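Chains as they are written, first to last, in my numbering: chain S, 2 to 468; chain P, 2 to 468.
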């Protein structure tokens, strides 16, 4: 990784560690196991342990840690649920990991305004459980049970972004601690505003490099009167992709439309005890009134039949639906279970929908010609898909072949007018591709980073590199 | 205006003017009338003439002007259609006005991807005329026939943002010339991306202070199969507002839901030759399949009846519908025609929908107790509304009373958790309110401005002040 070339250690000095210990007591730890759990994410990327972990309980405590780290020029890395995938959490220069799990309260539900205020460490599942009685829900769902702060920081999206948008569209405002220790609120509760630069969207997707998100105001949606889910098998992956493209182009408001190739279906059958036909498959969900979901399903059925799609296998019961989506959410773990002991070198790209069929077909051809097993799965309604290459990170042959497939896939997406990452982010893993995709804007991104974090304290080396 | 306290003149020096003249020939002018037309917007704010106007035909030409202005430390103000409302275009320090009207081409329509690439100087009406044969349209509609570059720069929204979002939600990517003359492309054509800081959203709403937008990629939507519009009169403004709130809270996907108070209805009748009942009124539009628009209208009707709404007056024919929306779009001009010779001191605020009834009622009470005429109109589905105070800008009594009502309305919106501007922006007119609303983030906004435009060349004195 190019970032690692210039790493300067900025390990937390003893006086800082002692000051944090005095301030946080049992909520401060230098334990090896805890540091190990905080120096890595769920990906294959190399871990790098922070020097200590702190568990703040309030924005003011976060600000205290930021100020203390600033005094000692020590890096600070915010940690949510540890489910990111591009090496976002590795403490390459050393420093303090700020575990946000102790800040997990729902602060205010505004049913009338369809919004909610939460602390950054709450997970999406807990949030939706706490909302259950209101008839409202928060839709963004990256699969993993991530924290809302982490989801905002990585601009997460997931299975129903095609209908409800990503974190970019669903964060109304953020409370954040900036690198100088100041606490700011980036927006308000009005649905729109033309007042000032859009710092909310500057922080969303900034991967903890511009500020530490401590609270969020989020949009909520009414739980649809009717929800129906189905799977639809296809003879060919091309047919499934063509159905997705036609569905999106026709403006059909599907809530979820997910692709799994035959390898991924096999993995899900084994991991989640399903008995799906091991063919390319779409998982679908329709939201609306009973009449409208029926209309949508009918319209989609006609499209699918035109592309070799079989009959729907309906999941009308809530339990069946949950089982289906649980299996989809566990796709990454299911893929890894195909090759026990191996790691998942996972990557994601996103292309304009008109380029999706070509991008997927060429990627599948690459995989077919490779010795690696690599299921393909994706939020194809957005033009976004993932490849999970199963590699032994200690086997140079595996790593090199994985990298080759990975790089070809990302280059292909860029050549087709797409992006190097639809939702996983840059972290440390895609620095080189950010430079390729946004070489012209990268100096301005760095200028913003330098202006807001002149000491490069916040998650250094990620997103815009070590510069 | 606080901004004017510290103004330093940075008038374009003769060598710069001669260099621009040599470069642009007939597309350069120092003519008094042209300068006068470029030193003001449509508002009551004081004009300040630029030293010259340049009409570029390409991004490279814009970059040349930016570099030349940089050499001479001379300000540069991008000019679209001149329809902004907060003094955005006044050249307080002197400088060059860059009129983008010569860059008005549709560069590429991607029907399959539902997006379009345009030059920044195209107006929204021209864009939609050019799209007509594709079956697609661009929805953001601020009323005025603004340019897309100007709409992006001011984060414009308008009548159907409640359904389709504002410019924030509908710009996929921008080409811009930065203050150092470098040309950047902020995004790509993928529907989502997690690659890098979100410079697209940083430029959207930056009011020409961080970069000059020269091209845009925009989302498009299929023209709905069925469009129906209606007006619905109410006995009280409260009843109309309550109907809006219930409509939004119920999740009904209205495409437009606009309020006009009885003063504004009277103005529109006179100006646009309508014969509407001079009562508080909602203008509505429903988009969808014929069945779905009928369902929506039925659901809204039930809500309205519960709040003293009368029968719908339908405009099912395209011509009737256009006539109705033309009248709504001309509301500002209609209001001004109520008091010929007076100016419109217009302001807009946006509040959480739960606070809308209170915010409007208290504002109306202020107006009732004032000697000024001030129609109220708004995009109330978003919680956004406008007050148009008719004042003689040369009469200190009018100005002072207008300011009083204005300031009370904005303070009220802020106190209710809203924003000082939903869509008109900060410009020069709301600098003090930006400081009130975002005092905590303003230093960081200024740090971003300083990082990206260290010489303060781009529209100086606007948005973040003269600092």
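We put the CB at the ideal spot given by N, CA and C, even for glycine.
Given the structure is predicted, the values throughout are model-derived calculations rather than measurements.
Just to make sure I have the definition right: I need the residues of chain P whose C-beta is within less than 8 Å of the C-beta of residue i. Which are they?
i             : result
residue 205/S : 199
residue 458/S : Simply none; closest approach about 15 Å.
residue 309/S : The premise fails here: residue 309/S is roughly 20 Å from chain P at the closest Cβ pair, so nothing lies under 8 Å.
residue 174/S : Here the premise fails: no neighbours, minimum Cβ distance about 10 Å.
residue 111/S : 353, 355
residue 319/S : Those within 8 Å of residue 319/S in chain P number zero; the least Cβ separation is about 21 Å.
Buried or exposed: which applies to residue i, given that a residue is buried once 16 or more other Cβ atoms fall within 10 Å of its Cβ?
i             : result
residue 440/P : exposed
residue 319/P : exposed
residue 161/P : buried
residue 234/S : buried
residue 455/S : exposed
residue 6/P   : Interpretation of residue 6/P is limited by its pLDDT of 49, a score under 50 that renders its predicted location unreliable; no figure is taken from the coordinates.
residue 159/S : buried
residue 397/S : exposed
residue 434/P : buried
residue 10/S  : exposed
residue 3/P   : Here residue 3/P scores only 41 on pLDDT, less than 50, and its place in the model is too uncertain to base an answer on.
residue 369/S : exposed
residue 297/S : buried
residue 126/S : exposed
residue 37/P  : exposed
residue 15/S  : exposed
Can you pull the chain S neighbours of residue i, defined as C-beta to C-beta under 7 Å?
i             : result
residue 40/P  : Those do not exist, as residue 40/P stays about 22 Å from chain S at its closest Cβ, beyond 7 Å.
residue 114/P : 353, 354, 355
residue 186/P : 441
residue 179/P : 445
For residue i, which option in the options has the closest C-alpha, if you only look at C-alpha atoms?
i             : options                    : result
residue 292/P : 226/P, 246/P, 430/P, 170/P : 226/P
residue 436/S : 62/S, 465/S, 229/S, 199/S  : 465/S
residue 188/P : 414/P, 149/P, 203/P        : 203/P
residue 185/P : 214/P, 165/P, 167/P        : 214/P
residue 208/S : 360/S, 432/S, 120/S        : 432/S
residue 105/P : 60/P, 76/P, 163/P, 373/P   : 60/P
residue 64/S  : 191/S, 212/S, 154/S        : 212/S
residue 46/P  : 261/P, 392/P, 141/P        : 392/P
residue 107/P : 171/P, 97/P, 100/P, 130/P  : 130/P
residue 361/P : 426/P, 182/P, 305/P, 243/P : 243/P
residue 336/S : 71/S, 18/S, 44/S           : 44/S
residue 13/P  : 71/P, 425/P, 176/P         : 71/P
residue 248/P : 413/P, 384/P, 103/P, 91/P  : 384/P
residue 282/S : 240/S, 395/S, 394/S        : 240/S
residue 262/P : 236/P, 286/P, 94/P, 246/P  : 236/P
Residues of chain C with CB closer than 9 Å to the CB of residue i, please, in chain order.
i             : result
residue 461/P : No chain C appears in this structure, whose protein chains are S and P.
Starting from the beta carbon of residue i, find every residue of chain S whose beta carbon is closer than 9 Å, and list them in chain order.
i             : result
residue 438/P : 189, 194, 196, 197
residue 244/P : Chain S residues near residue 244/P: none, gap ~15 Å exceeds 9 Å.
residue 383/P : 191, 192, 193
residue 464/P : 197, 198
Does the separation of the CB atoms of residue i and residue j fall below 8 Å?
i             : j             : result
residue 40/P  : residue 51/P  : yes
residue 231/S : residue 145/S : no
residue 173/P : residue 137/P : no
residue 474/P : residue 251/S : In the structure displayed, chain P extends from 2 to 468; residue 474/P sits before or after that span and is not available.
residue 353/S : residue 111/P : yes
residue 89/S  : residue 343/S : no
residue 325/S : residue 386/S : no
residue 169/S : residue 190/S : no
residue 82/P  : residue 32/P  : no
residue 406/S : residue 373/S : yes
residue 121/P : residue 217/P : yes
residue 351/S : residue 423/S : yes
residue 328/S : residue 288/S : no
What residues from chain P crowd round residue i, counting only those whose CB sits closer than 7 Å?
i             : result
residue 452/S : 448, 449, 451, 452
Using a C-beta to C-beta distance shorter than 9 Å, which residues of chain P count as neighbours of residue i?
i             : result
residue 427/S : 195, 196, 197
So with CB distances below 8 Å, who are the chain S contacts of residue i?
i             : result
residue 435/P : 196, 197
residue 162/P : 193
Looking at C-beta atoms only, is the number of pairs between the region 361 to 379 of chain P and the region 442 to 458 of chain P that lie closer than 8 Å three or more? The region 361 to 379 of chain P, when compared against the region 442 to 458 of chain P, does not touch it at the 8 Å Cβ threshold.
Check whether the region 406 to 425 of chain S touches the region 64 to 75 of chain S, taking contact to mean three or more Cβ pairs, one atom from each stretch, closer than 8 Å. The region 406 to 425 of chain S makes no contact with the region 64 to 75 of chain S: fewer than 3 CB pairs, one atom from each, lie closer than 8 Å.
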